[in-house]
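Take the sequence shown: its position 172, counted from the start at 1, is 201 in this note's numbering, and no numbers get skipped. Even for Gly, the Cβ is constructed at its ideal location relative to N, Cα and C. Everything on this sheet refers to the single structure shown next.
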Amino acid sequence: MSEHAQTTHEAEIDHGNRSTTPPDDAFVSYISSHWADRPEELPAVDPVAVATANRRAALGAQFPGERLVIRAGVMKQRSNDTFYPFRAHSAFAHLTGWGSDAEPGAILALDPLAGTAEGGGEETAANHTATLYFRERAGRDSDEFFANPEIGEFWIGARPSLEQVAARLGIPTAPLADFAASDGDRELDDPELARAASELRLVKDAHEIAEMRAAVAATARGFAEVLAALPAAAAHPRGERIVEGVFNQRARLDGNTVGYETIAASGPHACTLHWIRNDGPVRAGDLLLLDAGVELDSLYTADITRTVPVSGAFTDVQRRVYEAVLEAADAARAIVRPGIRFGDVHDAAMAVIERRTREWGLLPEPDGVAYYRRYMVHGTSHHLGLDVHDCAQARREMYLDGVVEAGMVFTIEPGLYFQPDDLTVPEEYRGIGVRIEDDVLVTDDGCENLSAAIPRTADAVEAWIRAAQTGA
Numbered sequence: 030m031s032e033h034a035q036t037t038h039e040a041e042i043d044h045g046n047r048s049t050t051p052p053d054d055a056f057v058s059y060i061s062s063h064w065a066d067r068p069e070e071l072p073a074v075d076p077v078a079v080a081t082a083n084r085r086a087a088l089g090a091q092f093p094g095e096r097l098v099i100r101a102g103v104m105k106q107r108s109n110d111t112f113y114p115f116r117a118h119s120a121f122a123h124l125t126g127w128g129s130d131a132e133p134g135a136i137l138a139l140d141p142l143a144g145t146a147e148g149g150g151e152e153t154a155a156n157h158t159a160t161l162y163f164r165e166r167a168g169r170d171s172d173e174f175f176a177n178p179e180i181g182e183f184w185i186g187a188r189p190s191l192e193q194v195a196a197r198l199g200i201p202t203a204p205l206a207d208f209a210a211s212d213g214d215r216e217l218d219d220p221e222l223a224r225a226a227s228e229l230r231l232v233k234d235a236h237e238i239a240e241m242r243a244a245v246a247a248t249a250r251g252f253a254e255v256l257a258a259l260p261a262a263a264a265h266p267r268g269e270r271i272v273e274g275v276f277n278q279r280a281r282l283d284g285n286t287v288g289y290e291t292i293a294a295s296g297p298h299a300c301t302l303h304w305i306r307n308d309g310p311v312r313a314g315d316l317l318l319l320d321a322g323v324e325l326d327s328l329y330t331a332d333i334t335r336t337v338p339v340s341g342a343f344t345d346v347q348r349r350v351y352e353a354v355l356e357a358a359d360a361a362r363a364i365v366r367p368g369i370r371f372g373d374v375h376d377a378a379m380a381v382i383e384r385r386t387r388e389w390g391l392l393p394e395p396d397g398v399a400y401y402r403r404y405m406v407h408g409t410s411h412h413l414g415l416d417v418h419d420c421a422q423a424r425r426e427m428y429l430d431g432v433v434e435a436g437m438v439f440t441i442e443p444g445l446y447f448q449p450d451d452l453t454v455p456e457e458y459r460g461i462g463v464r465i466e467d468d469v470l471v472t473d474d475g476c477e478n479l480s481a482a483i484p485r486t487a488d489a490v491e492a493w494i495r496a497a498q499t500g501a
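The following block contains the structure:
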């Protein structure tokens, strides 16, 4: 038995939750034999391969003569000997195209070509060669096959061969054991490489935009299914869990999982920006704020919020708040076009939030203090893609203070949140939280609201609920 398998087996004995009898030679011989041959079919090259080659070239051009090492990451422990489902690092997925089925521990190495060191040689379209290292599946004649619960085929299912991954992704592959780190390697813990990999995703290519459209469409299906389930949610003491479960089922059916923990916030819970406990009731007369997104197998995610009346109709004050938030969202979206400053989107939304809350008599007299921020403390927009808050390592001058370009995808999500114990607002406002969030694609002369098909106006939302629950 290999050292790794022996160690694993001893751990199993310690935990007492798996086989406690070491296999003898006869058993090893028996379990390793009499298996039917499996044809080794090579998949067609994935269409993303052209885009990922371009991305690797663009990243490599920023580091001529240097070796770049992009690790997928490893499994993270949940408790004892159980692990969270593996998700590759977003930079790794972006540069390889390997999404939900990426192998833990995989490494993409970009080795510089001779003559591409800074100041030497001619410029080339690609100044690095790529190699994808990962731990290939072991044969059935190996004890890993049955004795290793982390990677053994008996435990987690079949894993791909080096040849299959190379054919699919268009990247040469090699066994993980062949990878040797060097002192001069740049890895993602290097701030300059992390920044460059993050900024590379600010403008989406055609493949990424298609994935974003698909993620939004899947998310829209999940929202419609939640509305159909509102009566069931209202009948359960933990109705928010019904909402969460219905949406998360759609995420698993249409994609890999949810792009982030679903926020299913009913009543005053909607005033908690990241309410993910989702253990409260869904009561008639309250609003339900659903902030959720489907993450596809490519790992691209949507991020959409709708706030709906559980009973199917807004009260007068709920509608007043809702329409103010909608006005802020529309004002922000109206200015989106190439050439504006990204931060201008937030400023446009907040101008509406300030005006409306002042009209309602909620703010002290003007004195240069942004009192209205009490009711909306978060930003209006963030980039979106492989991460729900994508490109987070980008420089401020490229992100918050950056110039908007065609091909960028980001959210517009103003809100108003009146805490149930906020004495600065009349009682009728307390406990109301509203957020409207859309995902927009910047075009050559404006922007496209990718989530426009999900009802947004108060009247359309009410009609949407009626249709979802009657099947009309």
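Review point. Taking the alpha-carbon positions, what's the G102 to S108 distance?
Key: Distance between the alpha carbons of G102 and S108 is about 18 Å.
Point to revise | Contact set for V255: own chain, Cβ-Cβ below 7 Å, skip 5 residues either direction | key: V272, V275, F276, L319
Practice item. State the Cα-Cα distance for the pair W127 and L137, rounded to the nearest angstrom. Key: A straight line joining the alpha-carbon of W127 with that of L137 spans about 11 Å.
Exercise for review: Would you tell me roughly how many angstroms separate the C-alpha atoms of F343 and G431, rounded to the nearest one?
Suggested key: 38 Å
**Study point:** Per-residue DSSP class, three states only, for E132
**Key:** coil
Practice item. Using DSSP bridges, identify the partner residues of P204. Key: F163
Check your understanding: Exposed or buried, which one is P93 when buried takes at least 16 other CB atoms within 10 Å?
Key -> buried
Review point. Between the beta-carbon of R224 and the beta-carbon of D419, is there less than 7 Å?
Key: For R224 and D419, no; Cβs fall outside 7 Å.
Review point. Exposed or buried, which one is T37 when buried takes at least 16 other CB atoms within 10 Å?
Key: Summary for T37: the model assigns pLDDT 37, below 50, so the residue's position carries little reliability; its value from the coordinates is reported in the next sentence. The residue is buried, with at least 16 neighbouring Cβ atoms inside 10 Å.
**Study point:** Where S4 sits in the DSSP three-state scheme
**Key:** Outside the shown range of the chain (30 to 501) lies residue 4, about which nothing can therefore be said.
Practice item. Could you tell me the distance, in whole angstroms, from the CA atom of T336 to the CA atom of H118? Key: 32 Å
**Study point:** E165 beta carbon less than 7 Å from that of S190
**Key:** yes
Check your understanding: Can you tell me whether DSSP reads F343 as helix, strand or coil?
Key -> F343 carries a coil assignment under DSSP once its states are collapsed to helix, strand and coil.
Point to revise | Segments of 4+ residues assigned as alpha helix (DSSP H) that fall wholly inside the stretch 372-402 | key: Here the runs fully enclosed are 372-388.
Practice item. Kindly list the residues whose CB is nearer than 7 Å to the CB of T125, restricted to its own chain and excluding five residues on each side of it in sequence; keep chain order. Key: T81, L137, L161, L198, I200
Practice item. With DSSP as the reference, label I369 as helix, strand or coil. Key: In the displayed model, I369 falls within coil according to three-state DSSP, outside both helix and strand.
**Study point:** Candidates P260, V194, H298: closest to V463 by CA position
**Key:** Taking each of P260, V194, H298 in turn and checking the Cα distance to V463, the smallest one comes out for H298.
Point to revise | Which of helix, strand or coil DSSP assigns to G126 | key: coil
Practice item. Inspect the CB distances between the stretch 370-390 and the stretch 486-495 and report whether three or more fall short of 8 Å. Key: no
Practice item. Under 8 Å Cβ to Cβ from M104, same chain only, skipping five residues before and after it: list those, please. Key: F112, Y113, F115, P133, E179
Point to revise | Same chain, Cβ closer than 6 Å to V194, five either side skipped, listed in chain order | key: Annotation for V194: T202 place their beta carbon closer than 6 Å to its own, counting only its chain and skipping 5 residues before and after.
Point to revise | Chain-order list of residues whose beta-carbon lies under 6 Å from that of T158 (same chain, five-residue window excluded) | key: Excluding residues within five positions, the ones whose Cβ falls inside 6 Å are D140.
Exercise for review: Assign Q278 to one of two classes, buried (16 or more other C-beta atoms within 10 Å of its C-beta) or exposed (fewer than that).
Suggested key: exposed
Review point. Does the Cβ-Cβ distance between V323 and A313 come in under 7 Å?
Key: no
Check your understanding: What does DSSP give as the partner residues of G462 in its beta bridges?
Key -> Y446
Point to revise | Element boundaries [alpha helix (DSSP H), containing E69] | key: Unbroken run through E69: none, as it is neither H nor E.
Check your understanding: If you draw a straight line from the C-alpha of P395 to the C-alpha of R384, how long is it?
Key -> 11 Å
Check your understanding: What's the C-alpha gap between T472 and A321?
Key -> 25 Å
Point to revise | For V98, the nearest candidate out of V365, D219, V346, K233 (CA to CA) | key: It is D219 whose Cα lies nearest to the Cα of V98.
Check your understanding: Between the beta-carbon of T286 and the beta-carbon of A280, is there less than 7 Å?
Key -> yes
Review point. Under the three-state reduction of DSSP, which class applies to C420: helix, strand or coil?
Key: coil
Check your understanding: Starting from Q278 and walking both ways along the alpha helix (DSSP H), at which residues does that stretch end?
Key -> 268-283
Point to revise | According to DSSP, residues forming a beta bridge with Q106 | key: F112
Point to revise | Of the listed residues A155, G408, L413, nearest to G444 (C-alpha basis) | key: G408
Check your understanding: Is the beta carbon of F175 less than 7 Å from the beta carbon of I60?
Key -> yes
Review point. Looking at G390 and L429, is the spacing between their C-beta atoms short of 7 Å?
Key: no
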